[in-house]
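Report on one structure; see the data block that follows.
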Amino acid sequence: MCQLYALNSNTPTAVTFSLTGFCARGGHTAAHADGWGIAFHHAGGSQLFIDDQPACASPLAAFLRQHPIRATTVLAHIRKATRGAVQLANCHPFQREWAGRRWSFCHNGTLHDFQPPLGPQHQPLGRTDSELAFAWLLQQLQQRFGDQLPPVAALARTAADLVRELASHGACNLLLTDGEHIYAHCSTKLYWLQRAHPFVAARLVDADLTLDLARENGPDDRMVLLATEPLTHDEPWQPLTPGELLVLRDGQILQRLQRTPSAAELQAAARHCERGASTALDAQAQTI
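With this note's numbering applied, the sequence shown covers 12 to 299.
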């Protein structure tokens, strides 16, 4: 399985601190070493960076940490390949245009027996089930709403219905953004964290690094972070429940929708728990 990260803020924000911990999971503290990518959305548009090298040793990741880009919305992904070769075309985030917006998408999970018919303008470039899901999602949205962006409540309801269909094929932890809103869905594991005044000091889980967030942010700043696994100690990360969809805007949760998880999701969650228990036992044995 892969890992996801996202930030949505009411002011342009640098993610250097989070990126340091997240990229460590790309082959150093975790085995997600099959490429990585990050998308920045800000008032000037969007920028996408992808690399088929492990994030922990990526010169691109080092460059972005040394030359941070401030953005109000950020999506990032570290890949552990299950389908599709290790190559740039299969690295998340994926980007496409619809309704006058550039959309970014990341997915964590495996979709089984998912081969939907797609029109010529919605053909994927790579060979992952994730990009196929993204292309299908935008095709469905275009069929329902044309080329006009609908109100966010209508889009959220429709997205929840479409994700229900995707989730019938397997685990569907995903992040979707138009640069202003983030739509985040949990099938097995996804955490969220609100940061706002008064800010605290945060310590990374995956690196020996602590940051005084009060020195980096003003009293009116606020942001929501999402991650497959909590990135920091000493902060109140909250798990989403399977079947939950969050809508973020301006650094806060705008909407929460809950549906009943599919049988495929429940099976994926059970497998995920079994793998977690096995990993914990292996670690305990090594410690002993």
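Glycine is no exception: its CB is placed at the ideal position from the N, C-alpha and C atoms.
Between residue i and the rest of its own chain, which residues show a CB-CB distance below 6 Å, the 5 nearest in sequence each way excluded?
{"i": "PRO230", "result": "HIS208"}
{"i": "LEU251", "result": "CYS197, LEU201"}
{"i": "ARG107", "result": "TRP114, LEU149"}
{"i": "SER141", "result": "HIS118"}
{"i": "PHE105", "result": "PHE116, GLU142, PHE145"}
{"i": "THR93", "result": "THR121"}
{"i": "LEU256", "result": "ALA171, HIS196, LEU268"}
{"i": "ALA296", "result": "The pLDDT assigned to ALA296 is 34, lower than 50, so where the model puts this residue is not dependable; a value taken from the coordinates is nonetheless given after this. Taken in chain order, the list of residues that qualify is empty."}
{"i": "TRP248", "result": "TYR202, LEU204, PRO241"}
{"i": "LEU136", "result": "ALA100"}
{"i": "THR139", "result": "ARG94, GLY95, ASN101"}
{"i": "LEU187", "result": "PHE116, TYR194"}
{"i": "ARG206", "result": "MET234"}
{"i": "HIS133", "result": "ALA146, GLN150"}
{"i": "ILE49", "result": "PHE60, ALA87"}
Following the continuous beta strand (DSSP E) through residue i, name the residue where it begins and the one where it ends.
{"i": "ASP62", "result": "56-62"}
{"i": "ARG260", "result": "255-260"}
{"i": "LEU242", "result": "Careful: LEU242 lies outside any beta strand (DSSP E) and carries neither H nor E."}
{"i": "LEU71", "result": "Here LEU71 belongs to no beta strand (DSSP E); instead the alpha helix (DSSP H) covers 70-77."}
{"i": "ARG267", "result": "263-269"}
{"i": "ILE89", "result": "82-89"}
{"i": "GLN14", "result": "14-24"}
{"i": "GLU108", "result": "105-109"}
{"i": "GLY47", "result": "Looking at the sequence shown, residue 47 is not Gly but Trp. Its beta strand (DSSP E) spans residues 47-53."}
Would you decide whether residue i is buried or exposed? Buried here means 16 or more other CB atoms lie within 10 Å of its CB.
{"i": "PHE28", "result": "buried"}
{"i": "GLN14", "result": "buried"}
{"i": "ASP45", "result": "buried"}
{"i": "LEU99", "result": "exposed"}
{"i": "THR271", "result": "exposed"}
{"i": "HIS118", "result": "buried"}
{"i": "GLY55", "result": "exposed"}
{"i": "ALA178", "result": "buried"}
{"i": "ARG90", "result": "buried"}
{"i": "ARG233", "result": "buried"}
{"i": "ASP124", "result": "exposed"}
{"i": "ARG81", "result": "exposed"}
{"i": "PHE74", "result": "exposed"}
{"i": "ALA281", "result": "exposed"}
{"i": "ALA274", "result": "exposed"}
{"i": "GLN244", "result": "The sequence shown places His at residue 244, not Gln. Looking at its Cβ environment, which holds fewer than 16 other Cβ atoms inside 10 Å, HIS244 is exposed."}
Under a three-way DSSP split, which group does residue i fall into?
{"i": "GLU34", "result": "Before going on, a small fix: residue 34 reads as Cys here, not Glu. Three-state DSSP puts CYS34 in a helix."}
{"i": "HIS133", "result": "helix"}
{"i": "CYS183", "result": "coil"}
{"i": "ASN228", "result": "coil"}
{"i": "GLN96", "result": "According to the sequence displayed, residue 96 carries Ala and not Gln. In this structure, ALA96 counts as coil in the three-state DSSP scheme."}
{"i": "CYS197", "result": "coil"}
{"i": "SER273", "result": "coil"}
{"i": "CYS67", "result": "helix"}
{"i": "ALA281", "result": "helix"}
{"i": "LEU236", "result": "strand"}
{"i": "THR27", "result": "helix"}
{"i": "ALA9", "result": "An answer regarding residue 9 cannot be provided, because it is not within the stretch 12 to 299 covered by the chain."}
With a threshold of 8 Å on Cβ separation, who are the neighbours of residue i within its own chain once the five nearest residues in sequence on each side are excluded?
{"i": "PRO131", "result": "none"}
{"i": "GLY111", "result": "ASP158, LEU160"}
{"i": "LEU220", "result": "PHE28, THR31, GLY32, ARG214"}
{"i": "SER69", "result": "CYS34, GLY37, TRP47, ASP62"}
Does any CB atom of chain B fall closer than 8 Å to the CB of residue i?
{"i": "PRO23", "result": "No chain B appears in the structure shown, which is made up of a single protein chain."}
Skipping 5 residues on each side, what residues in its chain have a beta carbon closer than 7 Å to that of residue i?
{"i": "THR290", "result": "Residue confidence is low: THR290 scores 43 on pLDDT, short of 50, so the model does not pin down where it sits. Its coordinate-derived value is still stated next. Around THR290: no qualifying Cβ."}
{"i": "THR298", "result": "Because THR298 sits at a pLDDT of 28, beneath the cut-off of 50, its placement in the model cannot be relied upon, and the point is left open."}
{"i": "PRO127", "result": "TRP147"}
{"i": "LEU71", "result": "PHE60, ASP62"}
{"i": "GLY37", "result": "HIS43, ALA44, TRP47, PRO65, ALA66, CYS67, ILE89"}
{"i": "ASP261", "result": "ASN21"}
Of all the beta strand (DSSP E) runs that stay within the bounds of the region 201-225, which reach a length of 3 or more residues? Listed in chain order, they are 202-207, 212-215, 221-223.
Secondary structure, beta strand (DSSP E): runs of 3+ residues fully inside the region 120-172: Correct list: empty.
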